[in-house]
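These notes concern the structure reproduced below.
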Amino acid sequence: MTRYFEVQQRDGAARIGKFLLKEDIRTPYILDTRSLGNPESPIIDGGSLWKYSGFEEAQEHLREIRQKAGEDALIILPHQDLTPEAPRNVTIKLAEKAEGMEDSGATGAIYIAGQQVKEHDLYVMEGAGCFENNARTFLSVLLEMKKDIAPDTAIYAPNIAIPENLAMLIYLGIDVFDNTKAIIAGHNDIYLTTAGQFYLDSLAELPCRCSACSSTDLTSLRGMDKKSRAVILEKHNINAMEAEAALVRERIRAGTLREYIEGQCRVHTWLTALMRLTDSEYDFVESQNAIARNNTLVATCGESQNRAEIVRFAKRIQERYTPPESDILLLLPCSARKPYSTSNSHWKFINALGKSRKFVHEVIITSPLGIVPRELELTYPAAHYDTTVTGYWDAEEREWVASCLEDYLTKHKYTSIVAHVEDAYRVICEMVAEKLGIDIIYTSLGNVSSPESLKNLSKTVSELCTGRKRSHEQTQKDLMKAVADYQFGKGSGDILVPQGSTVKGPFPKHQIFVGKKQLITLIPQYGTLAITIEGAKALLGKGRYTVKIDDFVPRGSLLAPGVVDADPLIRPNDEVIICGEKAIAVGRANMNGDEMKRSIRGVAVDLRHVKKIE
Amino acid sequence: MTRYFEVQQRDGAARIGKFLLKEDIRTPYILDTRSLGNPESPIIDGGSLWKYSGFEEAQEHLREIRQKAGEDALIILPHQDLTPEAPRNVTIKLAEKAEGMEDSGATGAIYIAGQQVKEHDLYVMEGAGCFENNARTFLSVLLEMKKDIAPDTAIYAPNIAIPENLAMLIYLGIDVFDNTKAIIAGHNDIYLTTAGQFYLDSLAELPCRCSACSSTDLTSLRGMDKKSRAVILEKHNINAMEAEAALVRERIRAGTLREYIEGQCRVHTWLTALMRLTDSEYDFVESQNAIARNNTLVATCGESQNRAEIVRFAKRIQERYTPPESDILLLLPCSARKPYSTSNSHWKFINALGKSRKFVHEVIITSPLGIVPRELELTYPAAHYDTTVTGYWDAEEREWVASCLEDYLTKHKYTSIVAHVEDAYRVICEMVAEKLGIDIIYTSLGNVSSPESLKNLSKTVSELCTGRKRSHEQTQKDLMKAVADYQFGKGSGDILVPQGSTVKGPFPKHQIFVGKKQLITLIPQYGTLAITIEGAKALLGKGRYTVKIDDFVPRGSLLAPGVVDADPLIRPNDEVIICGEKAIAVGRANMNGDEMKRSIRGVAVDLRHVKKIE
Amino acid sequence: MSLNKAVLDIRNRQRVKPSPIDVPAATWTGKDVIESGEIDTITIIFKTSGCWWGKAGGCTMCGYVYDSAQDVPSDDDLMAQLEKAMRKASDFDRFMVKIFTSGSFLDTKEIPIEVRHRILEELDGDERIVKVLAETRPEFVTEENVKDCVSVLKNTDFEVAMGLETSSDVIRKQSINKGFTFQSFVDAAIAARENGATVKSYLMLKPLFLSEKEALEDIVQTVRDAAEYTDTFSINLCNVQRGTYVEYLWDRKQYRPPWLWSIVDILQRTKKEFPDMIITSDPVGAGSKRGPHNCRECSHAVADAIRLFSLTQDLSCFEHLSCGCKDLWEQVLELEDHTFGSPILD
Amino acid sequence: MSLNKAVLDIRNRQRVKPSPIDVPAATWTGKDVIESGEIDTITIIFKTSGCWWGKAGGCTMCGYVYDSAQDVPSDDDLMAQLEKAMRKASDFDRFMVKIFTSGSFLDTKEIPIEVRHRILEELDGDERIVKVLAETRPEFVTEENVKDCVSVLKNTDFEVAMGLETSSDVIRKQSINKGFTFQSFVDAAIAARENGATVKSYLMLKPLFLSEKEALEDIVQTVRDAAEYTDTFSINLCNVQRGTYVEYLWDRKQYRPPWLWSIVDILQRTKKEFPDMIITSDPVGAGSKRGPHNCRECSHAVADAIRLFSLTQDLSCFEHLSCGCKDLWEQVLELEDHTFGSPILD
């Protein structure tokens with residue numbers, strides 16, 4: 001029973017949570033290892049079973065601690081730890097012995113892969129300290145752990161955190177750490193920073209302005225006896241870690257932890273490896289990533305292109321997107337300003353197309369997103385990314401973008417393909433054209449925005465304009481359909497933008513009506529759809545993005561315990577349909593579908609409209 | 001006359017320096033902008049010429065400041081600043097007017113591209129604050145400046161530094177900054193950190209433990225009146241910048257600033273762009289990079305492969321290296337342990353080769369270094385790099401390594417090429433073999449270290465062994481020759497390891513003797529050669545890596561003013577030959593050749609042997 | 001490249017839309033203060049062939065050059081402009097007319113002498129009009145020209161308005177590119193006053209390249225230098241006009257318009273020093289990014305106080321102004337003196 | 001996988017070089033303390049067919065199993081080993097012989113009973129020898145076996161040495177994999193003492209998985225538990241021997257040998273509690289990474305003090321020991337109790 005821990009905010013796998021104990025504790029949290037032995041603390045180590053000859057003795061010891069501590073202290077049940085390479089079934093046997101302990105109140109337990117998992121409030125990653133520098137093992141143990149335990153259980157990785165790795169460990173979804181390594185480093189004359197560690201000997205000055213470092217200087221520090229020096233170093237090391245923890249919490253709140261990690265992971269090869277290996281666990285990462293966010297996705301490194309948001313965007317275009325009916329494809333370069341159509345350059349392209357625009361389907365080529373059909377240019381992260389631009393695209397970028405374009409051109413056929421591009425964009429078009437054996441007409445003459453190029457574009461396209469053309473309203477509907485398919489899966493567009501529906505509202509605030517009934521609205525901020533109760537009813541048959549609840553009428557927000565079932569495709573911030581015997585509702589998911597089902601605390605959905613079923 | 005500034009330590013373009021003023025000031029330095037107006041300060045702004053109707057008035061004003069300040073204060077001569085996009089020749093005209101000022105003592109001046117540069121102690125980058133977010137312009141202005149002014153002059157970039165960009169700006173070789181932006185941010189309720197900036201409003205807690213932040217908390221801070229709050233925020237912002245400056249100074253001392261930058265630049269797209277654009281200025285960057293260092297080169301990101309040290313290593317193999325005479329080439333994968341031949345896997349390969357080893361030439365394939373001939377496996381950075389290993393090589397890595405291998409195989413011909421490799425290594429071999437239309441025999445059977453693979457390697461090579469073979473001593477000499485060529489240029493090996501010379505000392509501490517005269521010794525730590533006076537004499541004819549001095553006998557160290565001429569190929573830490581009418585000497589360069597010639601302060605060469613010419 | 005060339009290049013890149021030449025560039029009514037106190041005003045911006053200096057490049061902050069006509073307006077066109085403008089004054093009982101041409105009213109290339117006479121005669125004929133102000137560059141304020149105007153305006157006061165901008169020849173030349181010297185202003189002012197006209201001087205707060213404090217002190221100094229030659233000061237706060245060199249730099253984050261706190265400080269200091277002098281300022285565009293501004297919260301209140309002071313000349317208008325951003329402005333005053341060529345932006 | 005299986009797997013991966021079977025595995029001389037005070041000793045490690053328990057897997061820290069012979073030594077081989085070993089004692093006047101087999105001396109599968117008799121007879125015949133110590137697992141310390149030895153050693157004291165390691169059956173089983181219980185040790189000790197032998201107990205400081213403090217307290221508790229059954233304690237400090245499970249985990253950074261400060265603390269506390277008991281410890285490999293160690297600076301001095309105490313039983317040996325690292329050790333004592341399965345490494 002996770003009665004004492006609640007996840008409040010999420011940023012990918014990272015989260016802000018709260019322990020509701022004798023003191024409220026906000027996670028990610030660095031506990032003072034020394035306090036673990038004190039029965040007055042909010043979190044207590046029940047101690048080692050190595051010293052008890054019998055189970056009864058240990059149980060008695062636990063009863064004593066609980067009596068002193070009260071119900072609202074979290075006790076990590078007595079445990080008989082082995083190191084990670086100890087024989088697995090010995091470990092499990094010992095863990096089962098520990099799990100036999102009886103206790104009421106808030107509890108933690110050691111997690112052992114393969115063991116029967118109970119509903120503790122916290123699980124300890126056994127031997128976490130041994131995994132430092134071993135990214136592969138650390139990640140596989142953690143993922144196993146995450147798979148087994150309830151998503152609203154806190155995870156504690158002991159004896160591993162230092163300022164430099166803290167952000168990455170939190171990024172992976174760990175909630176609780178301790179200051180063991182910071183203290184030990186302090187007593188070893190090691191000075192920890194988020195940028196790495198220094199032997200005190202090797203320093204010429206103190207690279208910090210924390211309260212401990214401000215209280216002294218390097219010369220005085222060196223002059224002290226070991227013990228007094230250690231007190232200050234320990235304080236500094238803990239300060240450095242606390243400051244980093246606070247920064248990371250702020251980053252989670254701001255939804256920008258990934259951007260931080262992409263820099264911070266360079267402090268150590270194993271942290272970079274952790275990031276790369278985690279990215280390759282796409283299902284894990286993607287399942288935790290919000291479908292849309294209102295902050296900029298900043299791509300500054302090679303690994304940015306492996307972000308779940310980017311890969312997901314590309315995959316959904318491959319799997320969910322259907323282009324509007326058009327015979328001419330026009331490939332365009334991206335622009336710094338987003339959405340692209342508000343940029344100077346795109347404004348020029350559109351002007352140059354003039355009336356021919358009705359005949360063409362526009363697809364934008366961009367790194368790291370790959371390709372963006374015009375209909376999806378508003379949709380997160382297409383209108384929400386910023387990237388370092390130097391004009392040079394590295395081979396990995398070129399291969400990735402080309403693979404997206406190749407997939408698209410393999411699936412979708414056009415009578416003519418025009419590319420109004422230069423430089424790397426053109427290289428990519430040529431790579432793909434050659435591979436697929438197709439012809440692409442290039443219209444740019446050195447500079448896509450030059451009057452000559454624009455004129456050539458205009459001329460070329462107008463000469464090709466003989467096929468199907470689309471009305472203005474159809475173009476608006478195409479946009480809405482594309483977003484619907486992107487968001488709710490293929491075919492959703494036909495349901496939410498049915499034959500005979502009408503479009504209201506200026507770009508980009510389109511709404512779709514069937515008669516007087518509104519079905520959906522485009523939210524320009526995220527480029528996603530909000531759905532009405534009518535829209536929800538229409539979509540209900542598909543069963544997608546649906547949360548099933550019991551026979552009650554929810555209000556304001558739907559809590560996790562009220563969820564009977566939820567579509568595992570639901571991601572945080574997804575628009576979802578809530579249905580139960582007594583009500584149908586729509587709202588914004590606060591967690592993913594799996595988490596809704598498996599959690600017993602926390603807000604599952606923020607409701608927007610609720611309709612009772614009479 | 002740079003009498004008041006001295007560069008003491010270098011790490012690439014970044015440097016630790018010292019102003020010898022009324023107070024010693026250590027650079028990189030963040031000056032308090034407010035102090036610039038105070039004539040008691042060690043560094044003073046002579047003020048704006050906008051307010052003077054005549055030159056005389058301004059000159060009089062300067063005389064007054066100098067009188068109050070004394071000779072040992074640095075006065076930035078009165079200046080009439082324009083912003084960067086002001087017409088260039090107006091700017092130059094105004095600058096010339098300012099340069100007309102007369103003054104004794106330490107002086108600074110505004111740098112204007114195209115202006116006649118004098119010997120001030122400091123140059124100010126005019127309008128630096130306008131270049132924020134404009135990496136290309138900032139870099140081009142800075143490089144122009146670096147080209148024009150003496151290398152031992154300090155560079156001051158005003159109104160641009162904040163904690164997040166400081167490391168990068170220092171990395172580029174800027175010495176002096178100010179706290180203008182930190183103060184202004186404080187008075188704008190903006191909280192600066194090295195990880196970016198936050199509006200105070202948006203914070204839930206203070207992500208710092210500096211003395212200012214420890215003195216309060218977020219709630220109290222928000223409750224204060226604007227002015228009191230600004231005092232604390234300003235203090236925090238300055239603390240954050242001071243701490244970062246101290247950290248960066250430590251990084252320069254440790255020689256690991258590049259590794260820090262590779263993470264820190266992800267805070268903002270323009271900083272990443274700065275790093276990438278700087279890397280593409282290979283000549284600038286390479287000329288400042290030490291030839292060898294005793295710390296690990298840690299490669300954690302895509303940009304690591306563009307580091308000058310790595311590109312230079314590849315270039316020297318292309319331009320300076322001549323393989324030993326052998327008919328069989330064996331391509332091997334790299335190993336985590338360095339030098340490769342001490343690793344478990346290479347030990348197995350060598351064992352498997354057995355006696356056949358005399359017939360083969362071994363070349364190791366590795367990322368990000370490209371290729372490493374066995375003879376150069378000790379040479380920096382071949383034995384000094386560490387990299388994130390996940391098994392995946394991205395396309396850019398593969399293209400780079402393949403391009404190195406392709407160049408090698410184009411230049412050097414073998415009867416047979418054997419590759420004992422798997423995975424990405426094999427992909428690379430196949431890419432190159434296909435491109436060049438050559439055959440490569442692959443000997444590994446799934447795992448390079450498996451007994452079957454080793455057996456196959458052994459069998460394959462022994463069947464090919466019919467060509468030229470090399471004796472043990474020849475192999476040792478090949479190593480020494482290769483390092484000599486690498487270090488001193490093609491042909492140096494033939495001079496320093498001449499016909500008839502002998503090798504002494506166990507691997508890797510080889511020495512080359514001609515008769516009883518020693519010429520060179522291999523320094524295992526860097527994998528470079530130290531040269532004796534005899535060796536220097538032998539090499540002197542080539543004129544390479546030579547520093548010309550006047551007719552004196554240097555002792556201990558050679559100072560920059562004593563240098564008459566120096567080979568522009570000389571890099572920091574290079575082994576150099578000093579020659580003058582009175583003496584010949586050898587030593588380790590402390591700066592590059594160009595800097596030796598153009599500096600008037602600082603140690604140019606640490607001497608090891610000096611021999612008087614009678 | 002010279003500053004003038006830089007300004008001209010930008011001018012040449014502008015595309016100006018053609019507009020009818022028998023309609024004034026702009027007309028509006030307002031209030032001003034003259035010796036006898038507050039008075040209604042009508043301002044007319046004539047569309048002429050344009051400022052001769054502006055056509056050759058002109059001032060770095062001046063966007064009025066685009067108000068000139070594409071084709072040369074005929075005399076009748078100019079009179080039609082006057083007629084259309086004056087309709088707005090139909091409700092006034094007593095008022096003042098302020099004539100601008102985006103150049104010089106006394107330049108006969110812009111306003112042929114016959115037209116000048118026709119205009120002034122018409123105005124003189126309207127008994128409600130107590131005063132006519134005409135803006136001009138000083139090179140046209142000759143004894144002859146002033147006499148000519150005064151002689152036509154028999155029953156009406158005549159005021160010559162000149163854009164002195166600053167008493168610093170360095171700044172006027174190297175920052176503003178104004179093309180005359182302080183001495184030529186002095187000569188013109190004397191010529192005007194000796195021949196029956198009064199003088200109004202326009203000053204410019206914060207031309208390009210100056211720090212906030214330099215700009216502030218320059219205006220205070222200018223008031224001191226020019227006080228004896230002028231009857232009224234009007235201090236313009238530089239705003240970023242389209243098609244100007246100021247805009248070019250502002251776009252590139254190389255210029256910030258002045259703080260409103262600066263003009264408040266100037267008005268307080270100069271009014272105290274010259275209590276009898278009329279010193280006004282119209283904070284055009286105040287509070288916007290392109291105009292003079294403090295923070296979002298106080299800009300409008302401070303601008304209102306400035307306007308009120310300009311009409312009342314009463315320093316108590318400023319008494320209760322305060323805002324958190326004043327502290328920031330004080331920092332800017334101190335720090336922008338040492339930014340070496342980059343402004344402190346918001 | 002069971003712990004024993006894990007140990008066995010590692011055993012099976014070792015390659016042992018063949019060595020002559022008529023030469024003892026090792027022999028050395030030293031000093032020890034008996035009731036009458038310090039005495040010279042000779043230690044003989046017989047190369048036998050090996051410890052039966054070790055062959056089935058054995059103890060997690062024991063690397064002695066690799067000292068056994070590849071082929072079974074004949075009786076004459078064993079006697080030849082004795083003969084070669086005893087040469088080292090040729091200079092001694094009075095000494096004690098310590099017999100080890102890397103297994104059990106009383107196991108007749110290792111030392112056939114005839115050989116046992118021949119060895120003991122030969123030692124008994126040497127008048128310089130005052131005491132013979134023989135190490136064995138407790139299952140072989142039967143009334144019959146003790147009597148048998150004592151009856152041969154007519155003029156020589158006989159001491160049975162057993163590796164109790166710890167009085168905790170949990171630790172002995174789940175960390176050390178020793179394969180007997182505390183009760184079997186007690187039974188053996190009683191059997192020995194009731195039949196004319198004295199008992200020496202070897203304890204093991206810091207077996208796998210225990211925190212520094214748990215390990216320390218376990219030894220203190222063990223001394224309390226076993227004091228009434230033993231005449232002498234010798235506390236072994238776990239060191240990382242080749243081919244052991246301990247080494248396997250140490251290699252993977254999952255084990256750290258004990259601190260020397262821990263044994264100093266143990267000796268001080270137990271000696272104070274049992275002043276008449278002989279309590280010794282030989283810090284084998286002290287100061288090396290694989291052995292018990294403090295910091296580089298003090299390890300050797302502290303080890304020397306431990307050795308001196310072991311001979312003198314005088315607690316003042318420890319009086320002047322101090323080092324900066326003691327503070328670190330204190331932290332380790334406190335913190336390693338809460339690392340949940342990872343050691344605190346150096």
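Chains as they are written, first to last, in UniProt numbering: chain Z, 1 to 614; chain V, 1 to 614; chain F, 1 to 346; chain P, 1 to 346. Cβ atoms here follow ideal geometry from the backbone N, Cα and C, with glycine treated the same way.
Handout entry: Reduced DSSP secondary structure (H/G/I, E/B, other) of N195(P)
Key = In the fourth sequence, the residue the question calls residue 195(P) occupies position 195. In the structure shown, N195(P) falls within a coil segment according to DSSP collapsed to helix, strand and coil.
Problem - C-alpha gap between I428(Z) and D225(V), whole angstroms - result: Position 428 of the first sequence, counted from the start, is the residue given in the question as residue 428(Z). Position 225 of the second sequence, counted from the start, is the residue given in the question as residue 225(V). In a straight line, the C-alpha of I428(Z) is about 57 Å away from that of D225(V).
Handout entry: Any C-beta of chain V under 8 Å from that of L170(F)
Key = For the purposes of this step, residue 170(F) is taken as the residue at position 170 of the third sequence. Reading off the sequence, residue 170(F) comes out as Val, not Leu. It does: the Cβ of V170(F) has a partner Cβ on chain V nearer than 8 Å.
Practice task
Please decide whether F19(Z) counts as near chain P, where near means a Cβ-Cβ distance under 8 Å.
Solution key: By 1-based counting over the first sequence, the position of residue 19(Z) is 19. At a cut-off of 8 Å between beta-carbon atoms, F19(Z) makes no contact with chain P.
Practice task
For E399(Z), go through chain A and note every residue whose CB falls closer than 8 Å to its CB, in chain order.
Solution key: The displayed structure is made up of protein chains Z, V, F and P, and chain A is not among them.
Problem - Delimiting residues of the beta strand (DSSP E) encompassing R10(Z) - result: For the purposes of this step, residue 10(Z) is identified with residue 10 of the first sequence, where counting begins at 1. For R10(Z), the uninterrupted beta strand (DSSP E) run begins and ends at 5-11, by DSSP.
Handout entry: A402(Z), buried or exposed, once every other Cβ within 10 Å from all chains shown has been counted against 16
Key = As a working mapping, residue 402(Z) is identified with position 402 in the first sequence. Classification of A402(Z): buried, given that the 10 Å Cβ count is 16 or more.
Practice task
Kindly indicate the opening and closing residues of the beta strand (DSSP E) around T244(F).
Solution key: Along the third sequence, read from residue 1 onward, the residue named residue 244(F) stands at position 244. Per DSSP, T244(F) belongs to no beta strand (DSSP E) and is neither H nor E.
Practice task
Answer with yes or no whether the minimum CB distance from M1(Z) to chain P is below 8 Å.
Solution key: Here residue 1(Z) corresponds to residue number 1 of the first sequence, with the count starting at 1. Residue placement at M1(Z) cannot be trusted, given a pLDDT of 45 that sits under 50; the coordinates are not used to answer.
Handout entry: Residue range of the beta strand (DSSP E) that includes Q115(Z)
Key = Looking up residue 115(Z) in the first sequence gives position 115. Run containing Q115(Z): none; DSSP gives neither H nor E here.
Practice task
Would you tell me roughly how many angstroms separate the C-alpha atoms of T166(P) and T232(P), rounded to the nearest one?
Solution key: Along the fourth sequence, read from residue 1 onward, the residue named residue 166(P) stands at position 166. Along the fourth sequence, read from residue 1 onward, the residue named residue 232(P) stands at position 232. Taking the straight line from one Cα to the other gives about 14 Å.
Handout entry: Neighbourhood of Y340(V) by C-beta distance below 7 Å, restricted to the same chain and skipping five residues each side
Key = If you number the second sequence from 1, residue 340(V) lands on position 340. The residues are C334, H346, I364, E377.
Practice task
Answer with buried or exposed for D178(V), where buried requires no fewer than 16 other C-beta atoms within 10 angstroms of its C-beta.
Solution key: The residue you call residue 178(V) lines up with position 178 of the second sequence. D178(V) is buried by the Cβ-count criterion.
Exercise for the section: Compare the C-alpha of E534(V) against each of C579(V), K68(V), S211(V) and name the closest. Expected result: Within the second sequence, numbered from 1, the residue matching residue 534(V) stands at position 534. Answer by Cα proximity: C579(V).
Practice task
Using a Cβ cut-off of 7 Å, pull out every chain P residue sitting near A230(Z), in sequence order please.
Solution key: Within the first sequence, numbered from 1, the residue matching residue 230(Z) stands at position 230. Those are D327, listed as they occur along chain P.
Exercise for the section: Could you tell me whether the Cβ atoms of V497(V) and K481(V) are closer together than 8 Å? Expected result: In the second sequence, the residue the question calls residue 497(V) occupies position 497. In the second sequence, the residue the question calls residue 481(V) occupies position 481. Going by C-beta atoms, V497(V) is nearer than 8 Å to K481(V).
Exercise for the section: Step through the CB atoms of chain V and report whether any lies within less than 8 Å of the CB of L386(Z). Expected result: As a first step, residue 386(Z) is located in the first sequence; it is residue number 386 there, counting from the start. A small fix is needed here, since residue 386(Z) is Asp in this sequence, not Leu. Chain V, which has a Cβ nearer than 8 Å to the Cβ of D386(Z), makes this yes.
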